[in-house]
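Following: one structure in structure tokens, then a few remarks.
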Amino acid sequence: MGAEYLGTTQIVSVETAKGPVVLTSDASHFYRNVERFQPVQIITSLPEMLAGFETIHALAGSRDRIVAGHDPEVAQRFETVEPGIIRIA
0 MGAEYLGTTQ
10 IVSVETAKGP
20 VVLTSDASHF
30 YRNVERFQPV
40 QIITSLPEML
50 AGFETIHALA
60 GSRDRIVAGH
70 DPEVAQRFET
80 VEPGIIRIA
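Under numbering that gives the first Met the number 0, residue 88 is the last one in the sequence shown; the count climbs by one each step, no gaps.
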């Protein structure tokens with residue numbers, strides 16, 4: 000497991016059997032942020048945020064291994080084990 004500090008937020012990269020999975024936390028609230036390079040609502044530095052998105056993509060290696068911090072779409076992108084529990088790796 001590794002952590003990256005992105006200005007005022009952190010991300011965590013976890014090694015799994017399927018490859019690294021990146022948990023974006025507040026670095027990307029929603030998938031649209033990291034996938035479209037669309038900043039979150041409140042930022043302190045646009046260049047740093049965009050560089051952070053690059054870091055997320057580089058660490059994950061695939062958009063299928065990025066978990067957005069607050070996006071309800073996580074439940075559709077990953078396997079539901081039982082109500083309220085989602086398997087991401």
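For each residue, glycine too, the CB sits at the ideal point set by N, CA and C.
Own chain, CB closer than 6 Å to residue i, minus 5 neighbours either side, in chain order
i	result
residue 15	88
residue 69	28
residue 78	86
Same chain only: Cβ atoms within 7 Å of residue i, ignoring 5 sequence neighbours per side
i	result
residue 55	10, 21, 23, 26, 27, 33 and 65
Rounded separation between residue i and residue j - CA only
i	j	result
residue 12	residue 80	22 Å
residue 60	residue 53	11 Å
Cβ-Cβ separation, residue j to residue i (assumed contact under 8 Å), whole Å
i	j	result
residue 124	residue 19	No statement about residue 124 is possible, as the shown extent of the chain runs from 0 to 88 and does not include it.
Inset, instruction - Decide yes or no for the touch test of the segment 33 to 44 against the segment 70 to 78: beta carbon pairs closer than 8 Å, at least 3 of them. - result: These segments do not touch.
Inset, instruction - Run through the segment 55 to 81 for me and flag every whole alpha helix (DSSP H) of 4 or more residues, listed as ranges in chain order. - result: Those alpha helix (DSSP H) runs which fall completely within the segment 55 to 81 and span 4+ residues are 73 to 76.
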